[in-house]
Amino acid sequence: MWDDDDKAVALITSLRGAAAEIIQIIPEGKRTEFAATMDALERKYGSKHVKEVSHLELSSRCQKLNERIQDYATEIKRLANLAYIGVPDDVLERLKIDAFVKGLRDAELKKAAWTSPKPTFTETLGFALTQEAASVLWTSSMKVRRTEVSSESDISDVVCAAVRQVLRENKRMPASKTRKCYACQKPGHFARECRAKHKGSYSTSPTRNVSEGASEISHEQALN
70 MWDDDDKAVA LITSLRGAAA EIIQIIPEGK RTEFAATMDA LERKYGSKHV KEVSHLELSS
130 RCQKLNERIQ DYATEIKRLA NLAYIGVPDD VLERLKIDAF VKGLRDAELK KAAWTSPKPT
190 FTETLGFALT QEAASVLWTS SMKVRRTEVS SESDISDVVC AAVRQVLREN KRMPASKTRK
250 CYACQKPGHF ARECRAKHKG SYSTSPTRNV SEGASEISHE QALN
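Going by this note's numbering, the letters in the sequence shown line up with residues 70 to 293, in that order.
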């Protein structure tokens, strides 16, 4: 992108003949200033060189940092109308479109505008504004989605950590060694030591004794 010094140098070196003599009336300290050169030309020739100067500005005009597309398009249109006075409307439209797209800052937007050409400058501007708005919305939605995913991941991590903690605690808990009587279901002794059984609370039939003995052994083995 050209700054004012670059434009002043390009303008001065492009002057020929009597126009080049304009340099002599510009104060020495301002001869490389674009605004001073423009003022000197307008004082001497009026609008005669406006077309040339506007063409020079248009060819170097790019969208500035933080400049809205709408404002940039307005400036392109103004410069094109001054630089191409008398040019047929259809040709002027094409020239404005080319200058506008060429100077766009966003590379993706510029590519989209080149690959989807529109017949008029107004339509090209509308397309650029639509693409820019879509890009902003997409970027915003992706930021929101990343935030949601991050939150979900955090919750999932907390739940998993809690489950793992419970499992570790369960593994560390020793198996119960409490002695329990199979006959009276009271803790502290086994059936063979049960006083209630020996007092005749339960049947002393051989079959039942065998069954109770087997159950008692199985119960003790399970506890051990």
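Beta carbons are placed, not taken as given, at the ideal position from N, Cα and C, and that holds for glycine.
- Rounded to whole angstroms, the Cβ separation of L148 and L127 is 4 Å, and the two are in contact under 8 Å.
- For A168, the CB contacts under 8 Å within the same chain, skipping 5 residues up- and downstream, are L127, S128, R130, I145, L148, A149 in chain order.
- Scanning P186, E238, R137, P157 for the CA closest to the CA of V170 turns up P186.
- Separation of K179 and Y153 (C-alpha to C-alpha, rounded to the nearest whole angstrom) is 23 Å.
- When rounded, the separation of the alpha-carbon atoms in I95 and Q200 is 46 Å.
- For I166, the enclosing alpha helix (DSSP H) stretches over residues 158-171.
- Exclusion of the five residues before and after L84 leaves I91, I92 as the residues of its chain whose Cβ lies within less than 8 Å of its Cβ.
- Our two residues, A104 and D73, have alpha carbons roughly 8 Å apart in a direct line.
- Counting only runs of 4 or more residues that sit fully inside the stretch 73-124, the alpha helix (DSSP H) segments are 73-83, 103-114, in chain order.
- The C-beta distance from L164 to V122 rounds to 16 Å, too long to fall under 8 Å, and the pair is not in contact.
- With respect to the 8 Å criterion, L198 and Q132 are not classified as neighbours on the basis of their beta carbons.
- DSSP places N135 in the coil class of the three-state scheme, outside both helix and strand.
- Note on geometry: alpha-carbon atoms of V119 and L125 lie some 10 Å from one another.
- In the DSSP assignment, E177 falls within the alpha helix (DSSP H) that extends over 176-184.
- A distance below 8 Å separates the beta carbons of E102 and A77.
- Around L194, the same chain offers A142 as residues with beta carbons nearer than 6 Å, after the five sequence neighbours per side are excluded.
- The beta carbon of A89 sits closer than 7 Å to none of the beta carbons in its chain outside the five residues before and after it.
- Residues Q200 of the same chain have their beta carbon placed closer than 7 Å to that of A181, with the five preceding and five following residues left out of the count.
- The C-alpha of I166 is placed about 13 Å away from the C-alpha of T184.
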